[in-house]
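Take any residue in the sequence shown, count from 1 to its spot, add 2: that is its number in the working numbering. A virtual CB, placed ideally from N, CA and C, is assigned to each residue, including glycine.
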Amino acid sequence: MTQAPTPTADTVRRLVRSLLKEGGDGTAGPDVRPVREGGEHSTWWVGTRHVLRLAPDREATVRQRRELRLRDLARPHLPVAVPASVAHGEWAPGLGYTLDTAIPGGSAEEHDVSAVGEADLAGLLTGLRAVPVRQVEALGVPRTAPRSLEALRRMAVHAAERLATADEFDAARLHQLTPPGAAQLAAQSGTAVLVHHDLKGEHLVVSADGRVRGVLDWTGAALGDPAEDIAGLVLAVGSGAAVRAATLAGYGPRPCLRGLWLARCDTVVSLADRLDGRDDSPLPLLRTQLERAWEPILLERLTDFKEDEQEP
């Protein structure tokens, strides 16, 4: 199998010059720099107005091409910005690129989300639910089966013991979620919607005033359990803000609590994996996400659901 080329700053400059028609008169053209320092780069800032994303392999190219169509389909339904592609094609044989408009603002890791920003998140969840499922399927967006909260709970119980030994977490806190409780919070059939599936802090564009201005990276989007996006928001903005946003979007206690406990179990497992060397995510970020997920909220006291409860 042919080794995929590694993009360099020179690769990016040549591609950008051909796309933006800048630098051909001998000038340097727009400044290019990797979005993250260190390692191999597939995402680059191009000046202050554009972002260039290079697919590293053919599988990523397929996801990127599907993402371009999905963003266009979802954009009219969403109250926040979705990047628009101003040019796309191949940067190497069989490997795609897209040059996107940059959405001004920082990330949810840099700026706190305000009360009005929570309403923006509610609009995002509402809009995702409004995107027609048949049209999403026609683009080839995959369906994902709901995760078993009970299986995840059991993993988290073992992980919590590891964290307790390292004085990172009180394992008794997981006793709040019992096996019957996890069963009660199982995903309900017929609730699949378009899910971003990666609503972590770095993918939420937040302005200095706390408004949510946009959502990045739709390559992992799927038709699936809306509680996964609620869980993502828990990690990005905290339990309280995420549940308030989901409630504003019309979701009842069951999916809100399911999302909350998915996030809580995920954070315990992820931090234990990092301490055991099975994950290379930054420790400060994992600890922050654990703290956000385990913020106490009033809703978690509700444990009795009506069997005929209908979710949007």
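Mind checking whether residue i and residue j have CB atoms under 8 Å apart?
{"i": "valine 143", "j": "leucine 201", "result": "no"}
{"i": "histidine 90", "j": "leucine 101", "result": "yes"}
{"i": "leucine 22", "j": "alanine 168", "result": "no"}
{"i": "threonine 50", "j": "alanine 104", "result": "yes"}
{"i": "valine 18", "j": "valine 48", "result": "yes"}
{"i": "proline 9", "j": "serine 44", "result": "yes"}
{"i": "alanine 233", "j": "leucine 264", "result": "yes"}
{"i": "leucine 141", "j": "arginine 60", "result": "no"}
Out of the options, state which residue places its alpha-carbon closest to the alpha-carbon of residue i.
{"i": "arginine 213", "options": "Asp102, Ala247, Ala185", "result": "Ala247"}
{"i": "alanine 86", "options": "Thr167, Ser241, Leu218, Ile299", "result": "Leu218"}
{"i": "glutamate 204", "options": "Thr10, Val14, Val37, Ala6", "result": "Val37"}
{"i": "arginine 215", "options": "Ala166, Asp227, Pro106", "result": "Pro106"}
{"i": "histidine 199", "options": "Ala274, Arg149, Glu170, Ala140", "result": "Arg149"}
{"i": "alanine 153", "options": "Ala185, Gly261, Val133", "result": "Ala185"}
{"i": "leucine 288", "options": "Leu300, His177, Phe171, Ala223", "result": "Phe171"}
{"i": "leucine 127", "options": "Gly108, Gly261, Leu179", "result": "Gly261"}
What would DSSP say about residue i, mapped onto helix, strand or coil?
{"i": "alanine 224", "result": "strand"}
{"i": "glycine 98", "result": "strand"}
{"i": "proline 78", "result": "helix"}
{"i": "histidine 52", "result": "strand"}
{"i": "threonine 45", "result": "strand"}
{"i": "tryptophan 93", "result": "strand"}
{"i": "threonine 103", "result": "strand"}
{"i": "glycine 242", "result": "helix"}
{"i": "glycine 40", "result": "Reliability of the predicted coordinates at glycine 40 is poor, the pLDDT of 42 falling under 50, and the value obtained from them is presented with this limitation in mind. Of the three classes helix, strand and coil, the one that applies to glycine 40 here is coil, per DSSP."}
{"i": "leucine 179", "result": "coil"}
{"i": "arginine 2", "result": "Residue 2 lies beyond the range of the chain shown here (3 to 314); nothing can be said about it."}
{"i": "glycine 212", "result": "coil"}
{"i": "serine 316", "result": "Because the chain in this structure spans residues 3 to 314, residue 316 falls outside the shown range and cannot be described."}
{"i": "serine 109", "result": "strand"}
{"i": "arginine 35", "result": "strand"}
{"i": "serine 283", "result": "coil"}
{"i": "alanine 117", "result": "helix"}
{"i": "alanine 158", "result": "helix"}
{"i": "alanine 83", "result": "strand"}
{"i": "valine 133", "result": "coil"}
{"i": "leucine 235", "result": "helix"}
Residue i to residue j, Cα distance in whole Å?
{"i": "glutamine 137", "j": "leucine 196", "result": "10 Å"}
{"i": "glutamine 66", "j": "threonine 221", "result": "6 Å"}
{"i": "proline 257", "j": "alanine 229", "result": "5 Å"}
{"i": "threonine 290", "j": "serine 20", "result": "42 Å"}
{"i": "arginine 16", "j": "arginine 55", "result": "14 Å"}
{"i": "alanine 174", "j": "alanine 158", "result": "11 Å"}
{"i": "arginine 145", "j": "aspartate 231", "result": "15 Å"}
{"i": "proline 298", "j": "glycine 242", "result": "8 Å"}
{"i": "leucine 130", "j": "arginine 280", "result": "33 Å"}
{"i": "proline 181", "j": "leucine 259", "result": "14 Å"}
{"i": "threonine 193", "j": "glycine 119", "result": "25 Å"}
{"i": "glutamate 92", "j": "alanine 11", "result": "16 Å"}
{"i": "histidine 52", "j": "leucine 70", "result": "15 Å"}
{"i": "glutamate 139", "j": "alanine 166", "result": "44 Å"}
{"i": "threonine 63", "j": "valine 14", "result": "17 Å"}
{"i": "alanine 57", "j": "aspartate 74", "result": "19 Å"}
Do the stretch 87-102 and the stretch 183-198 touch if we need at least three Cβ pairs shorter than 8 Å? no
Whether or not the stretch 99-115 and the stretch 208-222 are in contact is what I'm after, with contact meaning three or more pairs of Cβ atoms, one per stretch, closer than 8 Å; do they touch? yes
Using 8 Å as the threshold, is the stretch 155-170 in touch with the stretch 254-270, meaning 3 or more CB pairs across them? yes
When you compare the stretch 241-259 with the stretch 282-290, are there three or more beta-carbon pairs, one atom per stretch, that lie closer than 8 Å? no
Quick test of the definition: if touching needs 3 or more C-beta pairs under 8 Å, does the stretch 289-297 touch the stretch 230-241? yes
Inter-stretch contact (C-beta, 8 Å, three-pair minimum) for the stretch 32-39 and the stretch 74-81: no
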